[in-house]
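Residues 9 to 324 in the working numbering are what the sequence shown spells out, letter by letter. Structure record follows, encoded as structure tokens.
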Amino acid sequence: MGNEAQDKAQRVLTIYSKLKQGKMIFKGAESRKYGVSARTIQRDIADIQAFLQEQENENGELREVVFDKEKGGYRLETKVSENLSAREILAVGKILLESRALMKRELFPIINKMVSLCADDRERAVVKELLQNEMHHYIELQHGKGLLDYLWKIEQAVRQQYFVKMRYRKTKGNEIVERKVMPVGLMFSEFYFYMPAFIEDIDRTLEFQNPDDTFPTIYRVDRLESLEVTGEHFSIPYASRFEEGEFRKRVQFMFGGKLRKIKFKYAGSCLDMVLDRFPTAEVVRREKDGVIVRAEVFGDGVERWIRMQGKDVEMM
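Shown next, in the form of structure tokens:
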């Protein structure tokens, strides 16, 4: 009896290993190889399927052994799960709530839909209770605007390279200006969504502190009074193409200005927080009274950040 159990375990593990390697399993060939009936191999495959089902329940993996009619054998198929684990829902829900990016009327339905996708009924009840407590204490931002429609329109304009006409309320003086712009991205930072865009038909000597600035202007999405995606295409030469990911590494504070290199001494106790704040940061050297850090940043917002750090940061 012991040998039979050992033989079965070895056989099942070998078949499972073949399936994981992408190989096809044929009942006839396996039954001849191991000297067992085709029905025994079928039971082995059923055991493997039961194991995969347990794995799906525990970690959301969707793998199953399927029969390929054309080839007459079994293979392992991986599917994308349509459900979420309670851990995934909790993490994403926390991020959304802490960001305070959206109004309740837009954010809460998203969270409720996520909770409904929890694979386990008991865990769904737990994660729902955890998130509802935070939803009860959620504080909306002052602008009070729904943003989902704006975000979708902006992304479509970026993807299809359409000009956008907009009415925008400036931060200083609340002046409303009309602009025709070429949107090149959509970004989020510290409560707000931003649209980097190049301005069309504007006197840069009058409107810009630096007329030679080659970087996009950054607009806060919630300050849009209106936005229209035109059917007019714009094109940017490949060599000058805006790379949102590279830009994001260098703009941490969403303030205009030049691309610049900075060097400072950090004397605080949380160097990792500084390096996380500046994705382009490099540690130049370590000294007794601090660490010399070099980074490439866009805009003048870094000046405010440095002042907020007090004695921990000294510009060099």
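Ideal Cβ placement from N, Cα and C applies to all residues, glycine included.
Under the three-state DSSP convention, the category residue i falls into
| i | result |
| --- | --- |
| Y246 | Residue confidence is low: Y246 scores 47 on pLDDT, short of 50, so the model does not pin down where it sits. No coordinate-derived value is stated. |
| F59 | helix |
| A289 | coil |
| L149 | coil |
| R19 | helix |
| L70 | strand |
| K180 | coil |
| E198 | coil |
| F116 | helix |
| R108 | coil |
| E90 | coil |
| V185 | strand |
| S25 | helix |
| N11 | helix |
Residue range of the unbroken beta strand (DSSP E) whose run includes residue i
| i | result |
| --- | --- |
| H241 | 232-241 |
| K269 | 267-274 |
| Y82 | 81-87 |
| R361 | Any answer about residue 361 is impossible in this case: the structure gives the chain only from 9 up to 324. |
| R302 | 298-306 |
| M385 | The structure shown does not extend to residue 385, since the chain spans only 9 to 324, so no value can be given for it. |
Beta-bridge pairing of residue i - partner residues as DSSP gives them
| i | result |
| --- | --- |
| A205 | P191, T225 |
| F171 | Beta-bridge pairing links F171 to no other residue. |
| L279 | DSSP lists no partner for L279. |
| I33 | Y82 |
| D284 | DSSP output for D284 lists no bridge partner at all. |
| E295 | G298 |
| D76 | G81 |
Member of the options whose CA lies at the smallest distance from the CA of residue i
| i | options | result |
| --- | --- | --- |
| Y227 | D157, K121, A205, A94 | A205 |
| Q50 | E78, R19, E114, E62 | R19 |
| M323 | E131, Y200, Y274 | Y274 |
| L84 | S234, I53, E96 | I53 |
| K269 | V100, E290, V321 | E290 |
| K173 | G239, N120, L194 | G239 |
| A94 | V135, I118, H145, Q168 | V135 |
| P191 | E96, M122, I244 | I244 |
| I184 | A165, E233, E148, K41 | E233 |
| M281 | A165, W313, L267 | W313 |
| F286 | S277, D129, F306 | F306 |
| E148 | A13, L115, S39 | L115 |
| I300 | V321, E311, T288 | V321 |
| A127 | G298, Q63, K178 | Q63 |
| G318 | T288, V166, Y24, F272 | F272 |
| G181 | E96, N11, R231 | R231 |
| T179 | S197, D55, S277, V229 | V229 |
| L92 | F196, A165, Y146, E131 | E131 |
| R293 | E304, L279, D284 | L279 |
| H151 | E96, Y200, D15 | Y200 |
| V310 | E137, L267, V166 | L267 |
| G30 | K41, V74, A37 | V74 |
| E72 | E78, L159, A58, R177 | A58 |
| Q168 | E106, G276, V237, T225 | V237 |
The alpha helix (DSSP H) enclosing residue i, as first and last residue numbers
| i | result |
| --- | --- |
| M316 | 309-316 |
| E142 | 129-144 |
Within-7 Å CB hit, residue i to chain C
| i | result |
| --- | --- |
| L98 | The displayed structure is made up of one protein chain only, and chain C is not part of it. |
Proximity test, residue i beta-carbon vs the ligand NAP heavy atom, cut-off 6 Å
| i | result |
| --- | --- |
| D76 | Summarising the ligand content, the structure contains no ligands, and the ligand NAP is consequently not present. |
Legend entry - Inter-stretch contact (C-beta, 8 Å, three-pair minimum) for the region 152-170 and the region 107-119: Inter-segment contact for the region 152-170 and the region 107-119 is present: three or more beta-carbon pairs are separated by less than 8 Å.
Legend entry - the region 95-106 in contact with the region 120-131 per 3-pair CB rule at 8 Å: At 8 Å Cβ cutoff, the stretches touch.
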